[in-house]
Amino acid sequence: MNLTENVEYYLAQSYFKEAEDRGQKLISGSMDASIWLHKEKINLDFVIETAKNFSDSRIFIISEGEHKGFYIYSNDKKDCLKLISSHQKIKQAETV
């Protein structure tokens with residue numbers, strides 16, 4: 006199961022540029038991206054439903070590092086969501 010959290014659009018754009026510069030961006034459809042999506046347990050049905058919130062939805066995958074994650078964003082709406090798994094959220098709540 007996945008959840009989303011809002012990420013400030015312009016901050017996310019800086020994460021994306023940094024990830025590209027460091028070679029941490031995964032290209033959707035590549036074998037590396039498929040393996041990463043499986044390992045991270047990203048639910049693609051959830052991605053599709055979430056992406057419907059944006060008429061121009063785009064995805065960006067950061068494979069590792071501080072901002073690692075699966076992002077859905079809209080250039081038109083200047084909005085960005087990061088998918089997080091529910092077990093990640095529970096672990097964070099337990100450690101607080």
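The opening position of the sequence shown corresponds to residue 6 in this note's numbering, with each subsequent residue numbered one higher.
For each residue, glycine too, the CB sits at the ideal point set by N, CA and C.
6 Å Cβ shell around residue i - same chain, five flanking residues per side excluded
{"i": "Glu77", "result": "Correcting the residue identity first, residue 77 is Ile in this sequence and not Glu. Closer than 6 Å at the Cβ level, and outside the excluded window around Ile77, lie Thr55, Ala56, Ser62, Ile64 and Leu86."}
{"i": "Gly70", "result": "Gln29"}
Exposed unless 16 or more other CB atoms sit within 10 angstroms - verdict on residue i
{"i": "Gly74", "result": "buried"}
{"i": "Tyr15", "result": "exposed"}
{"i": "Ile66", "result": "buried"}
{"i": "Asn7", "result": "buried"}
Where residue i sits in the DSSP three-state scheme
{"i": "Asp61", "result": "coil"}
{"i": "Glu13", "result": "coil"}
{"i": "Ser79", "result": "strand"}
{"i": "Lys22", "result": "helix"}
{"i": "Ile89", "result": "strand"}
{"i": "Lys73", "result": "coil"}
{"i": "Ile47", "result": "coil"}
{"i": "Ile40", "result": "helix"}
{"i": "Ile66", "result": "strand"}
For residue j and residue i, believed in contact at Cβ under 8 Å, the rounded distance
{"i": "Ser60", "j": "Trp41", "result": "Ser60 to Trp41, Cβ: 27 Å. No contact."}
{"i": "Ala38", "j": "Leu31", "result": "4 Å"}
{"i": "Ile89", "j": "Glu23", "result": "With 8 Å as the limit, Ile89 and Glu23 do not qualify as a contact, their Cβ atoms being about 19 Å apart."}
Contact test: residue i Cβ vs the ligand MN heavy atom, cutoff 7 Å
{"i": "Gly34", "result": "Looking for the ligand MN in the displayed structure turns up nothing, as the structure carries no ligands at all."}
Neighbourhood of residue i by C-beta, 7 Å cutoff - its chain only, sequence neighbours within 5 removed
{"i": "Lys83", "result": "Tyr14"}
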